[in-house]
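Below is one structure, written out as structure tokens, with a few remarks after it.
2 protein chains.
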Amino acid sequence: MERGRGALGPALELVHTGRAPTRAVLTTELGVTRATAGAVAAELEALGLIQVDPRPVAAGSQGRPSHRLSIAPRGPVVLAAQIHADGYRAALVGLGGRMVATAPGCMDVPADPAHIIDAVVEAGAALLRESGRRCLGAGLAVPSAVAEPEGTALNPLHLSWPVGAPVRELFDEALAKSGVLGPDASPVPGVTGNDVNLAALAEHRHGAGRGARHLLCVATGHRGVGGALVLDGRLHSGSSGLALEVGHLTVNPAGLPCHCGSRGCLDVETDPLAFLTAAGRAPGPAVSLLQQARDLLRSEYDDPSVRAAAELIVDRLGLGLAGLVNILNPDRILLGGLHRELLEADPERLRAVVADRSLWGRSGGVPILPCTLDFNSLIGAAEAAWQPVLDDPLALLG
Amino acid sequence: MERGRGALGPALELVHTGRAPTRAVLTTELGVTRATAGAVAAELEALGLIQVDPRPVAAGSQGRPSHRLSIAPRGPVVLAAQIHADGYRAALVGLGGRMVATAPGCMDVPADPAHIIDAVVEAGAALLRESGRRCLGAGLAVPSAVAEPEGTALNPLHLSWPVGAPVRELFDEALAKSGVLGPDASPVPGVTGNDVNLAALAEHRHGAGRGARHLLCVATGHRGVGGALVLDGRLHSGSSGLALEVGHLTVNPAGLPCHCGSRGCLDVETDPLAFLTAAGRAPGPAVSLLQQARDLLRSEYDDPSVRAAAELIVDRLGLGLAGLVNILNPDRILLGGLHRELLEADPERLRAVVADRSLWGRSGGVPILPCTLDFNSLIGAAEAAWQPVLDDPLALLG
DNA sequence: TGACTTTGTGCCGACGCTAAACAAAATACG
DNA sequence: CGTATTTTGTTTAGCGTCGGCACAAAGTCA
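Protein chains in written order, with the working numbering: chain P, 2 to 399; chain Z, 2 to 399.
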């Protein structure tokens, strides 16, 4: 009796990522009998996580039509929070990566990490009270490497935070303070991570990275370049959370000095500022560097100097990606931020450079694709927050 | 009834790696009850894989003394084979990484991959007939990247083999031909891999890498530099077997041209030839480059020019390792071949360079250690061959 | 020698699954 | 239009694997 406990987590993950639209495919995907799959679905429905729609799914093939499995429309959510250079965002995210509620982005940012984390958690908590939903976890994305197991921010460059700010601790405290409580009045467990890492997780679950075994993501936002690696569905953040700090690969030996002590690093040679400089444009203070670079690329790509600058940056980026391909041998690469724009402006050039400069580029070539969720760190933070539920639904809900 | 089937594989792995000397610690390591651990041990003993020594282990603490668990002395073996620049080696390896029998290394190497693979397998098969042991698998290490899933050698640089030689196919054919047969007269499954990768696996199971979560290995033998990564006990060879081709990291922007098209690659800047050249010695034809470099380092380290050459190579190697640390964030690094000798000659210098040039070197610093099995690819090949048995002992023996 | 501590084993029950038979709901075909 | 076929869902029985528990065994400690 009580069939289907061990398969509960994998089953929920299949529904969550949209790979199990019906109980029939759930059966085959899990490799269990129909009886077990049915029991699993019933259990997940009883937990309020999924919904079995009795209306048969549009048939078209022979046999009895299967009922549709979907995420429960008013099921539990997680609190997702993101802090970036210009402010913060908060949202509630349900299973399936669906945004349930979003707080208006706030732009006046207190410099103190404790205050801004309190503020973003409070914004999320307000959404939560408003919605009346149950909250099963919380995730925070910050633009910095987060050391494991300490949970401290090691390079919050865009935030004027102190190096080593204890972000995980602050997040947990803020969650406890603002009454984001679990069923037994205990604060929900907080997950804190680097924004690019978390965004890569989101792309892997719900975006262009779906189905990749070894997914490499590289993105540039304002300054610097971030990387992330998802191996067999799990974020690889190294033994102390510092993996994929790809910004200091050398891509231009005679290039600009970098704060790391070397020169010509990917960080300073392919970010929006490097592009603007290469195009001979002085960056203005009005909008973000990414926005200025994006505008320039979109509106003046005909201008030879802009085009030449784009090609120069693409060549450098390709060199860096080739180095990463030689080391990591991913089966898919996603680009975000300005790198994505550059890829879309001239996909063939980047692919050719990577194939030419990586050792085994000829033998197939890695697909290089633009991200589809715009490197949404909010959904990524939610994804990380959902992970404990996906791993063992009964532990938090039984 | 028949307790302890699911835990059979993990239990065997614990005994295999020497982490379960008694049933008592097996109980705690597996996280099961004493009853289950006892049943697991009995099952493994019935399969002829391990031995329960009734003589109590030397006590010293209170309570009933535990019986000793050990590898069955005349249990099954795997066939391990290695092909290198100067010839080939074959051996039988039991559980626990113990060499059971070794064929004398052969030095007259036919250029044709099919012939040499036939020869090394036949040497192993002869050992097997001699020993009368049961053979449960076979592994082959080759000095080349092996593409997945094709099983072809992509850069057999030291062997004058054709690029793309189908080594896995040839190995499987040779196994079938030479009568290395399983219980049901089917040929044992062959595993083929890169020698540095397999050696890293051996170091992780039985050498200096034991217990590391993210183990990075770097070694240089004759020409070029090889790398390998073991993540959570599993070899990471990328999506197509080509990961950790670390030889083409740039460590000297103004350095020597490399066949990859760039210049100053780790491959050409830190191998034995680079060291000999930097020391102003012309390489002789008598012994291998590695041997010449090793001799020079050991006997003339007082000579200022030799010392300066060593420091130069160490600095370049440190730069490459720092780059890898930034990307992979391992919790241990092992060095082999000449790199190991250089580390042992001046451990502090290399560690200082890596700490200085990696982003988070200050925050702890990665332990950099010499390998202890001398990067034994034979044991590594055996380790890979044992893996299916460790994963599910009953599948092959039940 | 007797108390205590730790290890090994036999028995039972709970849990989680498969297998198999049956029921239900569509399409395919005469 | 009705029956056969195909596929899906559900019920029941049964079995394998593990935890819990009681008891036995084998040492140390006082």
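Heads up, the beta-carbon is just placed ideally off N, CA and C, and yes, glycines get one too.
Query	Result
Give, in chain order, every unbroken run of the beta strand (DSSP E) that is at least 3 residues long and sits entirely within the segment 222–255 of chain P.	227–232
Are the beta-carbon atoms belonging to A112/P and G191/P less than 8 Å from one another?	no
What are the start and end residues of each continuous alpha helix (DSSP H) run of 4 or more residues lying completely inside the segment 128–155 of chain Z, in chain order?	none
Give a yes or no on whether the minimum CB-CB distance between E170/Z and chain P is below 8 Å.	no
Does any C-beta atom of chain Z lie closer than 8 Å to the C-beta of L243/P?	yes
Can you tell which of D268/P, P254/P and N253/P has the C-alpha that lies nearest to the C-alpha of H260/P?	D268/P
Can you give me the C-alpha to C-alpha distance between D296/Z and G165/Z, rounded to a whole angstrom?	35 Å
Identify the continuous beta strand (DSSP E) that holds S71/P and give its terminal residues.	H68 to I72
Check this for me: beta carbons of V181/Z and C107/Z, under 8 Å apart or not?	no
Comparing C-alpha positions only, which one of L158/Z, A213/Z and I118/Z sits nearest to A177/Z?	I118/Z
Nearest by alpha-carbon distance to A229/Z: which of T153/Z, D357/Z, P188/Z and A146/Z is it?	A146/Z
Would you report the Cα separation of L128/Z and P77/Z, rounded to the nearest angstrom?	13 Å
Within the chosen definition, does the segment 381–391 of chain P reach the segment 345–360 of chain P through at least 3 CB pairs nearer than 8 Å?	no
Whole angstroms is fine: what's the gap from F172/Z's alpha carbon to P184/Z's?	19 Å
Name the DSSP beta bridge partners of R333/P, please?	L216/P
Are there 16 or more other CB atoms within 10 angstroms of the CB of H340/P, so buried, or fewer, so exposed?	buried
Closest by CA to P66/Z, which one among E46/Z, L96/Z, A25/Z and I51/Z?	A25/Z
Can you check which of these residues, T103/P, E174/P and H215/P, is closest to S187/P by C-alpha distance?	E174/P
Just verifying my parser: in three-state terms, what is the DSSP assignment at Q52/Z?	strand
Consider the Cβ of P163/P: report whether some Cβ of chain Z lies at a distance smaller than 8 Å.	no
Taking the alpha helix (DSSP H) that Q388/P belongs to, which residues open and close that run?	S378 to D392
Should E3/P be labelled buried (16 or more other beta-carbon atoms within 10 Å of its own) or exposed?	exposed
Could you tell me how far apart the beta carbons of A81/P and I380/P are, in whole angstroms, since I believe they sit closer than 8 Å?	7 Å
What residues from chain Z crowd round V247/P, counting only those whose CB sits closer than 8 Å?	N327 and I328
Work out the CA separation of G210/P and A21/P for me, nearest whole Å.	18 Å
With DSSP as the reference, label A83/P as helix, strand or coil.	According to the sequence provided, residue 83/P is Gln. The question's Ala does not apply to it. Looking at Q83/P - three-state DSSP - the assignment turns out to be strand.
Report the neighbours of D332/P on chain Z: residues whose CB is nearer than 9 Å to its CB, in chain order.	G239, S240 and S241
Rounded to the nearest angstrom, what separates L360/Z and V247/P at their Cα positions?	10 Å
Using a Cβ-Cβ cut-off of 6 Å (strictly less than) and excluding sequence neighbours within five positions of T18/Z, which residues of its own chain qualify?	R206
Under a CB-based cut-off of 8 Å, is W387/P close to chain Z?	no
Could you check whether the Cβ of P254/P sits closer than 8 Å to any Cβ belonging to chain Z?	yes
Report the neighbours of R214/Z on chain P: residues whose CB is nearer than 9 Å to its CB, in chain order.	S240
If you drop the 5 nearest sequence neighbours on each side, which residues of the same chain put their C-beta closer than 6 Å to that of A86/Z?	H159 and H223
Does the separation of the CB atoms of A310/P and A279/P fall below 8 Å?	yes
Can you tell me whether A91/Z is helix, strand or coil according to DSSP?	strand
List the residues of chain Z whose Cβ lies closer than 7 Å to the Cβ of C261/P, in chain order.	L360
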